[in-house]
Amino acid sequence: NTGCHLQHDISRHTVTIKPSIDNTKIILVFVTQRYALKVGGTNEADNCKLEFQYASRMKTKALMVPIIMEDRMKRPSEWTGPVGFTLGGELALRMSFDFSDSEKFKAGMTELKHEIDVRLKEAESSNP
1 NTGCHLQHDI
11 SRHTVTIKPS
21 IDNTKIILVF
31 VTQRYALKVG
41 GTNEADNCKL
51 EFQYASRMKT
61 KALMVPIIME
71 DRMKRPSEWT
81 GPVGFTLGGE
91 LALRMSFDFS
101 DSEKFKAGMT
111 ELKHEIDVRL
121 KEAESSNP
């Protein structure tokens, strides 16, 4: 029975990923074209889809940091589907560079740390 198998897979995934999302303060969303397609796809058991749906419901976009991993995704305003609906209006970090370039990597990590710090501070001030 495919429905039973699908429900088992979803339940097993929920048991493993739900606590991880619940116990984190910030969600990093590494955006690629494939990721956006999977989140917006029809496979209700897709891990990317399940994680994104749960994270956006439980953490809201204010606690989700979109990180662009491909040049073709460099315009968040053009993203479609749930990723575009939830995060398309957000400022996204561009990390679609060659990671072997240590200077760019270091600058990207510094920018990411800064964005995480800003989001954490905003979250703490809104939930004293």
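The numbering of the sequence shown is my numbering, which starts it at 1 and goes up by one. Note that the Cβ used here is the ideal one computed from N, Cα and C, for glycine as well.
query                                                                                                                                        : result
Using the three-state DSSP reduction, which class does R57 fall into: helix, strand or coil?                                                 : helix
Any contact of the region 15-31 with the region 52-70, i.e. 3+ C-beta pairs under 8 Å?                                                       : yes
Going by DSSP, what residue range makes up the beta strand (DSSP E) through M64?                                                             : M64 to I68
Assign G41 to one of two classes, buried (16 or more other C-beta atoms within 10 Å of its C-beta) or exposed (fewer than that).             : exposed
Relative to the C-alpha of E122, which residue among T110, L63, P19 and G84 is closest?                                                      : L63
Is L93 helix, strand or coil by DSSP?                                                                                                        : strand
Taking 8 Å as the limit between beta carbons, can you name the residues of its chain near L93, skipping five residues before and five after? : V65, P66, I67, I68, G108, E111, L112 and E115
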